[in-house]
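All remarks here apply to the structure that follows.
This is the structure we're talking about:
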């Protein structure tokens, strides 16, 4: 049986997230339905990240097993012919039998996009959260410091999280102001703020809760020096609100070189 790896890009606006849900459109559900049409098999597609409703992906990684004789290149073409235009298979290849998109990952990087323009472009409303007030990026960067490292991130865990442990390790956080932003090969202009976070793994809503807290720091509601207390407090009530899903992107997933992915 072949083990096929997919790199998937999608606009999550119209979907109830990655994971299959009854009577709701999901990325996984559409992929598995398309695979059944192609192979006649009832196939489970496993992903690196189970993105929530409205969250986008630039390089989501997934895999499935099939007894079909089709090559990865044929799978890519066949799936793209059946999937809606806001979901695309960007690459396909073979992977080793032991490869698991989620558990084999070395790190993942998400970014959250804030449109800080006075008036939001209608073309950016699907891909960013609009906040037109002043933002102190210096304070936001100071506040991000205590988040870097291995900690119990219970203060940033969303409700309904089934993780066995709330300990995660954040490797880096970058907060940058952009004058232009390219998404899905389209370039937009405006006052944009990007919060990029790379970690070994994430809790449910963790990035959006961190982004919402940093936004509160930027607008002066939460003091930048309070972040360490928020982290060590391990209490969701100490942190800021959950930022809307529309601004969140799964940017990429990194894997160890060598035996896990075989093209």
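Numbering (the numbering used here), first residue to last: 921 to 1183. The beta carbon of each residue, even a glycine, is placed where N, CA and C say it ideally should be.
At which residues does the beta strand (DSSP E) containing residue i begin and terminate?
i, result
"residue 1009", "1007 to 1014"
"residue 961", "Taken as a continuous stretch (DSSP letters only), residue 961 belongs to no beta strand (DSSP E), as it is neither H nor E."
"residue 1029", "1027 to 1035"
"residue 1170", "1168 to 1174"
What do you reckon, are the CB atoms on residue i and residue j nearer than 8 Å?
i, j, result
"residue 1154", "residue 1074", "yes"
"residue 1057", "residue 1111", "no"
"residue 1117", "residue 1150", "no"
"residue 1168", "residue 1030", "yes"
Would you tell me roughly how many angstroms separate the C-alpha atoms of residue i and residue j, rounded to the nearest one?
i, j, result
"residue 1005", "residue 936", "16 Å"
"residue 922", "residue 1017", "8 Å"
"residue 949", "residue 964", "9 Å"
"residue 1139", "residue 997", "47 Å"
"residue 1127", "residue 1114", "12 Å"
"residue 974", "residue 989", "35 Å"
"residue 958", "residue 985", "13 Å"
"residue 1123", "residue 1090", "11 Å"
"residue 1071", "residue 981", "26 Å"
Just reading off the alpha helix (DSSP H) that residue i is part of, what are its end residues?
i, result
"residue 996", "992 to 1002"
"residue 1044", "Segment: none, residue 1044 is in no alpha helix (DSSP H) and carries neither H nor E."
"residue 1061", "1057 to 1064"
"residue 1022", "Counting along the chain, residue 1022 falls outside any alpha helix (DSSP H), and DSSP gives it neither H nor E."
Can you check DSSP and say which residues form a bridge with residue i?
i, result
"residue 1158", "DSSP output for residue 1158 lists no bridge partner at all."
"residue 1132", "BP columns for residue 1132 are empty, so no partner."
"residue 1071", "1088"
"residue 982", "926, 967"
"residue 1113", "1034, 1097"
"residue 1125", "Paired residue(s): none; residue 1125 is not in a bridge."
"residue 941", "944"
"residue 976", "1169"
Under 8 Å by Cβ, that's how I've got residue i and residue j pegged, so tell me the actual separation to the nearest angstrom.
i, j, result
"residue 977", "residue 995", "Not a contact, Cβ separation roughly 18 Å."
"residue 1159", "residue 1135", "About 11 Å separates the two Cβ atoms, so there is no contact after all."
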